[in-house]
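Numbered according to my numbering, the sequence shown terminates at residue 290, and the numbering increases by one at each position without gaps. Glycine included, every Cβ here is placed at the ideal spot set by N, Cα and C. Quick notes on the structure that follows.
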Amino acid sequence: MTLTAAQLGLYATALFVLFLTPGPVWLATAARALAHGWVAAVPLVIGVALGDALWSVTAALGLAWIVGTYGWIMDALKWVAVAVFALMGWLLIRHADKAISADSALIRPGAMAGFLAGLVAILANPKAILFYMGMLPGFFDLTRITALDIVAIAGISTLVPLVGNTGFAILVDTARRRFSSPERLARINRIAGGLLIAVAAVIALT
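Right, here's the structure in full:
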């Protein structure tokens with residue numbers, strides 16, 4: 085292993101700063117936690133963490149040229165994300181006056197829906213693309229790294245967003261539990277739906 089603890093620490097710090105910057109992942113996490121509770125947001129968080137790991141490994145292996153050569157792949161992911169989040173937001177707003185448990189159209193996909201939403205959100209997130217494909221080489225000499233180095237980079241890339249986004253989902257859910265009246269629940273559902281549609285708009289416009 086060629087990487088030092090200082091290098092990995094600096095990289096982890098940069099990842100944390102990236103996490104603190106609001107973007108599509110924050111909006112998606114907040115929307116799902118508001119609608120379903122923090123436990124239901126965990127699959128989304130795992131999807132995000134896996135996407136972060138995939139970006140870091142791809143960059144570490146020197147495959148950044150794929151995005152430049154096959155730009156249509158990123159365009160396709162972008163519009164899939166727009167469609168998914170816009171549809172989920174519309175469903176929440178449409179059923180704002182119903183308890184989430186009664187909205188079978190929204191909850192039917194379950195954990196897999198959350199996981200895929202998280203994965204799409206991070207893979208189509210321009211902030212993540214810029215960071216991993218553009219800035220990662222600035223932290224490490226990718227021509228000298230070993231397999232253990234790549235494992236360490238991927239591990240940090242997974243752990244930081246996993247812990248950060250889980251904590252964020254718990255905070256959102258804690259606030260959500262304070263509002264239990266039907267009127268407040270309807271308002272929360274509309275906010276959650278608006279956040280999901282905002283995710284679609286952010287992705288579409290960036």
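Are the CB atoms of residue i and residue j nearer to each other than 8 Å?
i: G277; j: L138; result: no
i: A143; j: M196; result: no
i: G173; j: A124; result: no
i: Y95; j: F215; result: no
i: D136; j: A212; result: yes
i: L104; j: A236; result: no
i: V166; j: A288; result: yes
i: L255; j: A115; result: no
i: T258; j: A133; result: no
Apart from the five residues on each side of it in sequence, which residues of its chain come closer than 8 Å, Cβ to Cβ, to residue i?
i: L129; result: The identity of residue 129 in the sequence shown is Val, whereas the question assumes Leu. Only T113, G202, P245, L246, N249, T250, A253 meet the Cβ criterion.
Which same chain residues, not among the five before or five after residue i, have their C-beta less than 6 Å away from its C-beta?
i: L99; result: V244
i: W122; result: A253, I254, D257
i: L190; result: Interpretation of L190 is limited by its pLDDT of 32, a score under 50 that renders its predicted location unreliable; the figure taken from the coordinates is listed afterwards. Closer than 6 Å at the Cβ level, and outside the excluded window around L190, lie L175.
Less than 7 Å between C-beta atoms, sequence neighbours within five positions excluded: which residues of the same chain meet that for residue i?
i: V141; result: I234, A238
i: L200; result: G131
i: I240; result: L92, Y95, A96, L99
i: P193; result: Model confidence at P193 stands at a pLDDT of 47, short of 50, so the residue's coordinates are unreliable and nothing is read from them.
Express the C-alpha separation of residue j and residue i in angstroms, rounding to a whole number.
i: V109; j: T86; result: 32 Å
i: L111; j: L118; result: 10 Å
i: I281; j: I275; result: 10 Å
i: L220; j: L171; result: 33 Å
i: R178; j: W163; result: 22 Å
i: V286; j: I206; result: 12 Å
i: E267; j: R228; result: 59 Å
i: L145; j: A208; result: 20 Å
i: T88; j: D225; result: 12 Å
i: A284; j: V101; result: 23 Å
i: V204; j: P127; result: 12 Å
Just list the alpha helix (DSSP H) runs in the stretch 86-156, keeping only unbroken ones of 4 residues or longer that don't cross its boundaries, in chain order.
89-104, 108-120, 122-144, 149-153
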